[in-house]
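Below: one structure, written as structure tokens.
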Amino acid sequence: MYRQLPSNTFFKPLIQITTMSNLRLLVVGGAGYIGSHMVKQLALAGCNVTTLDSLVNGHRDAVLHGDFVHADLADKDSLTQLFKHQQFDAVLHFASFIQVGESVQKPALYYENNVTNTLNLLNAMNNAGVRRFIFSSTAATFGEPQYTPIDEQHPQSPINPYGRSKLMIEQILNDYDNAYGLKSVCLRYFNAAGADPDGQLGERHNPETHLIPLVLQAASGRKPFISVFGRDYDTPDGTCIRDYIHISDLCEAHWLSLQSLLKGANSQQYNLGNGHGFSVQEVIDSARRVTGRHIEVVDAPRREGDPARLVADSKSARLNLGWSPRFSDLDVMVKHAWNWEQNQHGANMP
Ligand code: UFG
Numbered sequence: 264m265y266r267q268l269p270s271n272t273f274f275k276p277l278i279q280i281t282t283m284s285n286l287r288l289l290v291v292g293g294a295g296y297i298g299s300h301m302v303k304q305l306a307l308a309g310c311n312v313t314t315l316d317s318l319v320n321g322h323r324d325a326v327l328h329g330d331f332v333h334a335d336l337a338d339k340d341s342l343t344q345l346f347k348h349q350q351f352d353a354v355l356h357f358a359s360f361i362q363v364g365e366s367v368q369k370p371a372l373y374y375e376n377n378v379t380n381t382l383n384l385l386n387a388m389n390n391a392g393v394r395r396f397i398f399s400s401t402a403a404t405f406g407e408p409q410y411t412p413i414d415e416q417h418p419q420s421p422i423n424p425y426g427r428s429k430l431m432i433e434q435i436l437n438d439y440d441n442a443y444g445l446k447s448v449c450l451r452y453f454n455a456a457g458a459d460p461d462g463q464l465g466e467r468h469n470p471e472t473h474l475i476p477l478v479l480q481a482a483s484g485r486k487p488f489i490s491v492f493g494r495d496y497d498t499p500d501g502t503c504i505r506d507y508i509h510i511s512d513l514c515e516a517h518w519l520s521l522q523s524l525l526k527g528a529n530s531q532q533y534n535l536g537n538g539h540g541f542s543v544q545e546v547i548d549s550a551r552r553v554t555g556r557h558i559e560v561v562d563a564p565r566r567e568g569d570p571a572r573l574v575a576d577s578k579s580a581r582l583n584l585g586w587s588p589r590f591s592d593l594d595v596m597v598k599h600a601w602n603w604e605q606n607q608h609g610a611n612m613p
């Protein structure tokens with residue numbers, strides 16, 4: 264299912280693990296949107312997957328494969344016990360609070376959950392000698408863009424506690440590599456979008472704040488309209504531009520990152536997007552095309568903290584990991600998300 268790494272990459276020869284199929288992996292936050300898709304892909308690739316999730320935001324029924332541990336990262340004893348009784352080749356960490364606005368209102372919650380709890384995880388791993396880590400970081404670590412597309416050299420200057428909490432972990436990971444040899448890959452997602460192409464999994468945030476699922480709720484009749492937050496930006500149609508990246512392509516980037524760490528690569532950071540932005544209006548137009556439904560639009564004021572344009576330069580991931588997004592067509596992302604919306608709420612459809 265997955266491509267093999269090209270033979271001409273810079274990675275050192277395989278040192279410890281000769282097959283990917285029997286990998287023992289801990290997926291933290293595996294009951295969430297991105298984590299649940301990852302658990303499925305890893306299990307289908309033959310890995311032994313254990314999901315750890317507090318279920319504060321995740322859904323138990325989204326974990327389709329492997330073992331499940333119901334625990335909170337605040338609970339250090341549970342972490343110690345888990346790492347004592349199970350061996351892991353690597354940890355993938357998806358669990359975090361992700362709402363920018365809420366992070367401004369409740370920074371304590373964000374630093375506690377995204378920083379302190381991640382430290383608990385890193386320390387438990389380190390004590391158990393597990394030294395490969397894949398971290399869900401974000402475009403929000405860059406703050407207001409100084410130029411686009413945004414590459415890895417762009418200064419990181421987050422403008423809200425959410426972005427700062429993720430950047431703090433990136434910095435901690437740098438220190439843990441230097442001091443303890445913990446190797447990590449930080450993947451800075453731009454706008455995760457779409458759903459499992461098989462229709463089994465999708466986005467289920469509560470409350471939902473993301474554009475694509477909200478537009479589709481307006482298409483299905485679950486919401487009366489979609490608000491457009493600002494039409495006076497310095498963009499061709501005046502609405503904000505984002506780089507939407509399909510959830511399956513994000514999962515593939517994690518898989519390739521894992522392979523790179525297993526082959527002895529150094530710690531890395533990658534920006535993940537398609538390198539092409541779509542405006543809010545273009546997303547609404549796509550949803551109208553894909554669903555064939557009327558979508559009521561209401562113009563609203565700008566949402567605080569929204570940069571006009573966020574587009575990734577992902578050349579580095581393409582070059583070093585051999586990553587190549589397969590679902591870069593916006594209509595395909597919207598189609599998969601629409602399938603999910605229909606699977607979940609078909610009964611409510613007009
Ligand atoms: N938008 C609307 N109406 C809505 C919802 C969103 O117009 O009802 C607009 C937003 O203003 C923004 C665009 O649609 O311009 C995309 O908004 P999302 O909320 O879907 O995504 P964001 O770009 O705000 O957020 C994403 C991630 C965050 C991350 C952030 C980094 O989802 O986790 O990028 O900047 F922090």
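Take 264 as the starting number for the sequence shown in the numbering used here and just add one per residue. Glycine included, every Cβ here is placed at the ideal spot set by N, Cα and C.
Return yes when at least one heavy atom of the ligand MN lies under 8 Å from the C-beta of residue i, else no.
i, result
"S591", "As for the ligand MN, it is missing from this structure, which binds only the ligand UFG."
Rounding to the nearest angstrom, what Cα-Cα distance links residue i and residue j in this structure?
i, j, result
"L474", "I547", "9 Å"
"T498", "Y373", "32 Å"
"M596", "A458", "7 Å"
"P476", "Q522", "32 Å"
"S579", "I422", "25 Å"
"A402", "R427", "11 Å"
"A575", "S511", "17 Å"
"A353", "G298", "15 Å"
"S420", "N537", "22 Å"
"N285", "F346", "18 Å"
"D262", "A563", "Outside the modelled stretch of the chain, which goes from 264 to 613, sits residue 262, for which no answer is possible."
"P570", "C503", "7 Å"
"E471", "V326", "20 Å"
"N383", "N583", "30 Å"
"K598", "A550", "8 Å"
"H489", "V560", "Contrary to the premise, residue 489 reads as Ile rather than His in this sequence. Taking the straight line from one Cα to the other gives about 5 Å."
"W601", "T554", "7 Å"
"L305", "N311", "8 Å"
"P460", "M301", "13 Å"
"E466", "C449", "22 Å"
"E375", "L524", "28 Å"
"L355", "F398", "6 Å"
"F405", "A308", "33 Å"
"E545", "Q605", "21 Å"
What residue range is occupied by the uninterrupted beta strand (DSSP E) comprising residue i?
i, result
"F488", "That residue, F488, is in no beta strand (DSSP E); it is neither H nor E in DSSP."
"R287", "R287 to V291"
"V561", "V560 to A563"
"L535", "Q531 to L535"
"C449", "K446 to Y452"
"R230", "Outside the displayed span of the chain (264 to 613) sits residue 230, for which this structure offers no information."
"H219", "In the structure as shown, the chain begins at 264 and stops at 613. Residue 219 is therefore absent and cannot be evaluated."
"T333", "The question names Thr, but residue 333 is His in the sequence shown. Element bounds for H333: D330 to H333."
"V312", "N311 to D316"
"H468", "Here H468 belongs to no beta strand (DSSP E), and DSSP marks it neither H nor E."
Looking at the C-beta of residue i, does it have a partner C-beta in chain D at a distance below 9 Å?
i, result
"V448", "Although the question refers to chain D, the structure presented lacks it and comprises just one protein chain."
For the alpha helix (DSSP H) holding residue i, just list the boundary residues, first then last.
i, result
"H608", "L593 to H608"
"A482", "L474 to S483"
"N376", "Segment: none, N376 is in no alpha helix (DSSP H) and carries neither H nor E."
"T554", "V543 to T554"
"F346", "K339 to H348"
"N583", "K578 to L584"
"V302", "Y296 to L307"
"Y443", "P424 to Y443"
Taking 8 Å as the threshold, find out whether the segment 507 to 516 comes into contact with the segment 574 to 593 through three or more Cβ pairs.
With the cut-off at 8 Å, the segment 507 to 516 and the segment 574 to 593 touch.
Residues around the ligand UFG, please: the ones whose beta-carbon is closer than 6 Å to some heavy atom of it, in chain order.
After applying the 6 Å Cβ criterion, the set is I361, V363, T401, A402, A403, Y425, N454, T472, H473, L474, L477, I489, S490, V491, F492, C503, R505, V543, R566, D569 and L573.
Is it a yes or a no for the segment 353 to 364 touching the segment 407 to 416, going by three-plus beta-carbon pairs under 8 Å?
Contact between the segment 353 to 364 and the segment 407 to 416 is absent: fewer than three C-beta pairs spanning the two stretches fall below 8 Å.
Per the contact definition of three or more C-beta pairs closer than 8 Å, is the segment 288 to 296 in contact with the segment 431 to 450?
Touching, no, given that fewer than three Cβ pairs across the two stretches are closer than 8 Å.
On the three-pair Cβ rule with 8 Å, is the segment 383 to 400 touching the segment 436 to 450?
Enough Cβ pairs lie closer than 8 Å, so yes.
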